[in-house]
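Letter by letter, the sequence shown follows residues 2 to 263 of our numbering.
Report on one structure; see the data block that follows.
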Amino acid sequence: MSHSFSDFCTIARSHAPRVAIILGSGQGSLVERVKLLATVRFADVPGFAPPTVHGHSGRVVLGLWCEVPVLMFQGRMHFYEGHEANRVTGNVRLANDLGVTTLILTNAAGGIHDSLNPGDWMVIANHLKLLTPTSWQESLEAPKPSPYAPELVAALAADPPLLIGTYAALTGPCYETPAEIRALKAMGADAVGMSTAMEAEAGASLGMRVAAMSCITNKAAGLSAGVLDHAEVQEVAGRGHVVEQFANRIERIVLPSFHLRA
Ligand code: HPA
2 MSHSFSDFCT
12 IARSHAPRVA
22 IILGSGQGSL
32 VERVKLLATV
42 RFADVPGFAP
52 PTVHGHSGRV
62 VLGLWCEVPV
72 LMFQGRMHFY
82 EGHEANRVTG
92 NVRLANDLGV
102 TTLILTNAAG
112 GIHDSLNPGD
122 WMVIANHLKL
132 LTPTSWQESL
142 EAPKPSPYAP
152 ELVAALAADP
162 PLLIGTYAAL
172 TGPCYETPAE
182 IRALKAMGAD
192 AVGMSTAMEA
202 EAGASLGMRV
212 AAMSCITNKA
222 AGLSAGVLDH
232 AEVQEVAGRG
242 HVVEQFANRI
252 ERIVLPSFHL
262 RA
């Protein structure tokens, strides 16, 4: 079932989703939890680009999750694929146009903090955006606040507790050198990846409530004996119990406040 963009938007507007979830590498299987209402391929969305990386799907899905209408993005457009900030954040503007007010982002990341191991989740409270000198709608006015909503960060990180940390967003697409990881650690980063920061800032500047979680797929370069590779990142992020842990938190913390009969 794949719809045209205009049919997708008509169906989405009739269901009025208020929550959008942008799923990172390997985590697309989360859509299996929802009752599908409509889908559109990135290739059919104006301004979007189909994924160029193996294993990344590019689909927008409208579904009912615990009876709550939710917009889900299976995949995203990355800065490392050569897209400008404006295109990278097109998903966030589409969600905003369709009436979404709460934006949840996930990504696969390398763990820098000593306590983070493959399969763990970290809730992002702030980021280091080391991607690009200028970004979407950035102005000369500084300083800027963290785009992540503090009450959502605290709720998502509670029971059983998760690390609340700082995510370093790098350009990629190469993984880092061990020296870069030591530098990032000294700068205060707890996890490292190649996405999320631009989308989070775009969402916050549109007035959305934003939260993001990193799925730790590996210890960052130089912090373990293993050699990093994309297949391993996908495999760890897609493990059933790992996706489940994220889904359970969303079901417990986010969805109840949007339940029409709540
Ligand atoms: N570095 C950058 N991005 C990543 C990593 C990493 O170690 N793991 C998954 N995405």
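No residue lacks a Cβ here, since even glycine has one placed at the ideal position from N, Cα and C.
- Which one of Leu132, Met78, His16, Leu65 has the shortest CA to CA distance from Thr53? Translated into the one-based positions of the sequence shown, residue 53 becomes position 52. Taking only the C-alpha atoms, the option nearest Thr53 is Met78.
- Message: Output needed for Ser5: all residues of its chain with C-beta closer than 8 Å, excluding positions within five of it in sequence on either side, in chain order.
- Response: Locating residue 5 in the sequence shown gives position 4, counting from the first residue. Taken in chain order, the residues that qualify are Val41, Asp45.
- Message: So, at 7 Å on beta carbons, what are the nonlocal neighbours of Ala232 in its own chain, with the 5 sequence-adjacent residues on each side left out?
- Response: Counted from its first residue, the sequence shown places residue 232 at position 231. Same-chain partners within the cutoff: there are none.
- Message: Any heavy atom of the ligand HPA inside 7 Å of the beta-carbon of Val211?
- Response: As a working note, residue 211 is residue 210 in the sequence shown. Val211 Cβ: outside cutoff for every heavy atom of the ligand HPA.
- Message: Using only CA atoms, which one of Phe80, Val101, Val89 lies nearest to Phe259?
- Response: The sequence position of residue 259 within the sequence shown is 258, counting from 1. When each option's Cα is compared against that of Phe259, the closest is Val101.
- Item | Opening and closing residue of the beta strand (DSSP E) in which Gly241 lies | Locating residue 241 in the sequence shown gives position 240, counting from the first residue. Segment 241-250 is the alpha helix (DSSP H) holding Gly241; no beta strand (DSSP E) there.
- Who are the near neighbours of Val154 in its chain, counting only those whose CB is closer than 8 Å to its CB and skipping five residues on each side? Within the sequence shown, the letter at position 153 stands for residue 154. Taken in chain order, the residues that qualify are Val124, Ile125, Ala126, Ile165, Ala212.
- Query: CB-CB under 8 Å to Phe247, same chain, minus the five flanking residues each way: which ones, in chain order?
  - Reply: Position 246 of the sequence shown, counted from the first residue, corresponds to residue 247. Gln28, Leu31, Thr107, Trp122, Met214, Cys216, listed in sequence order.
- Is it buried or exposed for Ser196, if we count other Cβ within 10 angstroms and need 16 for buried? Position 195 of the sequence shown, counting from 1, holds the residue named residue 196. Buried.
- Query: What are the boundary residues of the alpha helix (DSSP H) that includes Pro52?
  - Reply: On the sequence shown, position 51 is the one that residue 52 refers to. Pro52 -> no alpha helix (DSSP H), and no H or E assigned at all.
- Item | Span separating the alpha-carbon of Phe9 from that of His16 | As a first step, residue 9 must be located in the sequence shown, where it is residue number 8. As a first step, residue 16 must be located in the sequence shown, where it is residue number 15. Between Phe9 and His16, the C-alpha separation is close to 11 Å.
- Query: Is Ala13 near Ala50, with beta carbons less than 8 Å apart?
  - Reply: For the purposes of this step, residue 13 is identified with residue 12 of the sequence shown, where counting begins at 1. For the purposes of this step, residue 50 is identified with residue 49 of the sequence shown, where counting begins at 1. No. Outside cutoff.
- Message: By the three-class DSSP mapping on this structure, what secondary structure does Gln75 have?
- Response: The residue given as residue 75 occupies position 74 in the sequence shown. Gln75: strand per DSSP, three-state reduction.
- For Arg250, count neighbouring C-beta atoms within 10 Å of its own C-beta (all shown protein chains included) and say buried if the count is 16 or more, exposed if not. One-based indexing of the sequence shown puts residue 250 at position 249. Looking at its Cβ environment, which holds 16 or more other Cβ atoms inside 10 Å, Arg250 is buried.
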